[in-house]
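At position 142 of the sequence shown (counting the first as 1) the number is 144 in the numbering used here, and the numbers step up by one without a gap. Cβ coordinates follow ideal geometry from the N, Cα and C atoms, glycine included.
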Amino acid sequence: MEISFVRIDDRLIHGQVATVWAKVSKCNRIIACSDEVAADTLRKTLLLQVAPAGIKAYVLPIDKAVSAYKNPKYNEFKTLFLFTNPTDVIRAIEGGIDIKSVNVGGMCYKTGTTLITSAVSVSPQDVEAFKKLNEMGIELEVRKVANESKVSLMEKLKSSKLL
Numbered sequence: 003m004e005i006s007f008v009r010i011d012d013r014l015i016h017g018q019v020a021t022v023w024a025k026v027s028k029c030n031r032i033i034a035c036s037d038e039v040a041a042d043t044l045r046k047t048l049l050l051q052v053a054p055a056g057i058k059a060y061v062l063p064i065d066k067a068v069s070a071y072k073n074p075k076y077n078e079f080k081t082l083f084l085f086t087n088p089t090d091v092i093r094a095i096e097g098g099i100d101i102k103s104v105n106v107g108g109m110c111y112k113t114g115t116t117l118i119t120s121a122v123s124v125s126p127q128d129v130e131a132f133k134k135l136n137e138m139g140i141e142l143e144v145r146k147v148a149n150e151s152k153v154s155l156m157e158k159l160k161s162s163k164l165l
């Protein structure tokens, strides 16, 4: 399986992903990776309904996404992987998905998080996960939309005094 793009966006599949990121990444499959969402029948159904025409989408728990990635019968897939948080990205990498770069596009503000861009808020747990991803040599870049310039997530964390 070829990885066409990896994005953290807690909304998973939505308009921006369906209309822009899917085209920019030239994917033919989308895998939304989340144990929580895969177990939620309603949310899973809604996500699959907003997948772009002509691109097959799946909502899978992390372990099943890893198994699919490793399965040779899916070698022709050019996959856009979507995650809701950096901890799940670490689980996917540790499971064997060969991720080199992660776009951080949307992590909504919740109590206990710090806003570092207009679209990205991080918790202390997220910061630790991003530090680990950085130590693993994974490129971490922030862009809400495809036509924005890449910004280093680690620089954003430093300028926000979170590192």
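{"query": "Minimum length 4: unbroken alpha helix (DSSP H) runs contained in the segment 83-109", "result": "88-97"}
{"query": "Where T113 falls: helix, strand or coil (DSSP)", "result": "coil"}
{"query": "Residues near V8 in its chain [Cβ-Cβ closer than 6 Å; skip 5 each side]", "result": "F83, I101, V104"}
{"query": "Assigned secondary structure, T119 (DSSP; H/G/I helix, E/B strand, else coil)", "result": "coil"}
{"query": "Whole-angstrom distance between I140 and G114, CA atom to CA atom", "result": "26 Å"}
{"query": "Straight-line gap, Q51 to A148 (C-alpha atoms, nearest Å)", "result": "23 Å"}
{"query": "Buried versus exposed call for S151 [16 or more other C-beta atoms within 10 Å across all chains shown]", "result": "exposed"}
{"query": "Between the CA atoms of T119 and K158 - distance to the nearest angstrom", "result": "8 Å"}
{"query": "Nearest neighbour of A131, chosen from A94, L48, Y111, S161 [CA to CA]", "result": "A94"}
{"query": "Cβ-Cβ distance between M156 and N136 below 8 Å", "result": "yes"}
{"query": "Residue closest to P63, alpha-carbon to alpha-carbon, out of V39, K72, Y76", "result": "V39"}
{"query": "Short CB-CB distance (under 8 Å) between R45 and chain B", "result": "In the displayed structure, chain B is absent; only one protein chain is listed."}
{"query": "Contact check, D11 vs G107, beta carbons under 8 Å", "result": "yes"}
{"query": "Outcome for P88 when other beta-carbon atoms lying within 10 angstroms are tallied against a minimum of 16", "result": "buried"}
{"query": "Residue nearest to P126 in terms of C-alpha spacing, selected from M138, V144, S162", "result": "S162"}
{"query": "Range covered by the beta strand (DSSP E) that runs through A34", "result": "31-35"}
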